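Oh and the sequence shown: position 22 is 21 in numbering that gives the first Met the number 0, straight run, nothing missing. Below is one structure, written out as structure tokens; comments come after it.
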Amino acid sequence: MHRSGQLPAQVAAKIAERIEQCSLAPGDKLPTEHALAKSFGVSRSVVREAVAQLRHEGFVHSRQGVGIFVADAQHRQSIRIEQDALRDPQSFFDLFQLRVPLEIEAAGLAARRRSEAQLEEIERTLAEMNGVHKWTEEGIVADLAFHRTLTLATNNTYFTTFLGFIAERIGTTISAARSTAVLEEIVEITIAEHTVIRDAIAARDVAAARVAMHRHIVNAAGRLGLRLEDERR
Numbered sequence: 000m001h002r003s004g005q006l007p008a009q010v011a012a013k014i015a016e017r018i019e020q021c022s023l024a025p026g027d028k029l030p031t032e033h034a035l036a037k038s039f040g041v042s043r044s045v046v047r048e049a050v051a052q053l054r055h056e057g058f059v060h061s062r063q064g065v066g067i068f069v070a071d072a073q074h075r076q077s078i079r080i081e082q083d084a085l086r087d088p089q090s091f092f093d094l095f096q097l098r099v100p101l102e103i104e105a106a107g108l109a110a111r112r113r114s115e116a117q118l119e120e121i122e123r124t125l126a127e128m129n130g131v132h133k134w135t136e137e138g139i140v141a142d143l144a145f146h147r148t149l150t151l152a153t154n155n156t157y158f159t160t161f162l163g164f165i166a167e168r169i170g171t172t173i174s175a176a177r178s179t180a181v182l183e184e185i186v187e188i189t190i191a192e193h194t195v196i197r198d199a200i201a202a203r204d205v206a207a208a209r210v211a212m213h214r215h216i217v218n219a220a221g222r223l224g225l226r227l228e229d230e231r232r
């Protein structure tokens, strides 16, 4: 599979194509993570994020302890952010504008409402971001997983749904930022920003979580040459 761009989005698109072409019909069970990873030549964490995206878009649904199944067509979402649209710098800017209110509020809610199990999941994804594969595409996958698990900790399904719509394209912005700076520096800075967010959520400090997320998004935009702060004046 082509390595440029964002791998979970590519895998999700391939599976969605199979569903739309009826190679996978409503009610069919998806192959296991292991089988899908082998089929697409990616890691299981990439497959996990791809399936999460498909779940957000209504292509599949989970049955606890049973597996992932193809959903009926009427359950699919009509809102999508196409990969090609983000080749336009203005689209990058618009995406970050959308992220600001949603993710800042999500961080605050996560600090207030998260369970211990949800905090452990956030900490697991942060550990993966800081793992041995942090310089590779796997580091981007872990970054996406961090944001996804944070939205789950809001315990508000609408935040999970709407942020799920844009999650598949956040990876594109991370890849772009990595390509415009010294990789080692950008990765360590990003991990540090996520650590501050985690710490605030762990401490149940709502204000600090909101501030940390705002700083992260503004800095992430700045790494792409976008000045979000100008919009707040």
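The C-beta atom is built at its ideal place from N, Cα and C for all residues, glycine as well. Nothing here was measured: the structure is a model prediction, and the numbers come from that model.
Could you have a look at Thr159 and say whether DSSP puts it in helix, strand or coil?
-> Helix, per DSSP.
For the region 47-56 against the region 7-21, are there 3 or more C-beta pairs whose distance is under 8 Å?
-> Contact between the region 47-56 and the region 7-21 is present: three or more C-beta pairs spanning the two stretches fall below 8 Å.
Proximity to Asn155 [Cα-Cα], best of Leu101, Ala72, Leu23 and Gly64 = Nearest option by C-alpha distance: Leu101.
For the region 24-39 against the region 125-143, are there 3 or more C-beta pairs whose distance is under 8 Å?
-> Between the region 24-39 and the region 125-143, the count of Cβ pairs shorter than 8 Å is below three; the stretches do not touch.
Span separating the alpha-carbon of Ile165 from that of Leu94 | Cα to Cα, Ile165 sits roughly 8 Å from Leu94.
With contact counted as at least three CB pairs below 8 Å, one residue from each stretch, are the region 190-204 and the region 61-74 in contact?
-> No, the region 190-204 does not touch the region 61-74.
Tell me the start and end of each unbroken alpha helix (DSSP H) in the region 15-65 that is at least 4 residues and wholly inside, in chain order.
-> Listed in chain order, they are 32-39 and 43-55.
If you draw a straight line from the alpha carbon of Gln20 to that of Gln9, how long is it in whole angstroms?
-> When rounded, the distance between both Cα atoms is 17 Å.
Member of Val210, Val186 and Arg98 whose CA lies at the smallest distance from the CA of Thr159 | For Thr159, the nearest C-alpha among the options comes from Arg98.
For Asp71, count neighbouring Cβ atoms within 10 angstroms of its own Cβ and tell me buried if that reaches 16, exposed if not.
-> With fewer than 16 Cβ atoms within 10 Å of its Cβ, Asp71 is classed as exposed.
If Leu108 and Thr153 are in contact, beta carbons under 8 Å, what's the gap, nearest whole angstrom?
-> The beta-carbon separation of Leu108 and Thr153, rounded to 4 Å, stays under the 8 Å limit for a contact.
Every unbroken beta strand (DSSP E) inside the region 112-142 [3 residues or more] | For the region 112-142, not a single whole beta strand (DSSP E) run of length 3 or above is found.
Proximal residues to Lys28 (C-beta, below 6 Å), its chain only, five neighbours per side dropped | Around Lys28, the same chain offers Gly66 and Phe68 as residues with beta carbons nearer than 6 Å, after the five sequence neighbours per side are excluded.
Pairwise C-alpha distance: Ile169 and Leu225 | A straight line joining the alpha-carbon of Leu225 with that of Ile169 spans about 15 Å.
Express the C-alpha separation of Leu227 and Val217 in angstroms, rounding to a whole number.
-> One C-alpha to the other measures close to 6 Å.
Which word fits Glu120, buried or exposed, when buried means at least 16 other C-beta atoms lie within 10 angstroms of its C-beta?
-> Around the beta carbon of Glu120, 16 or more other beta carbons sit within 10 angstroms, so the residue counts as buried.
Of the listed residues Ser22, Arg62 and Pro7, nearest to Ser44 (C-alpha basis) = Here the closest residue by C-alpha is Pro7.
Less than 8 Å separating the beta-carbons of His213 and Ile196?
-> Taking a C-beta distance under 8 Å as the contact criterion, His213 and Ile196 do not qualify as a contact pair.
Beta-carbon spacing of Val140, Glu48 below 8 Å = Their beta carbons are under 8 Å apart, which means Val140 touches Glu48 by this criterion.
How many whole angstroms separate the CB atoms of Ala110 and Ala219, which I take to be in contact at a CB cut-off of 8 Å?
-> About 20 Å separates the two Cβ atoms, so there is no contact after all.
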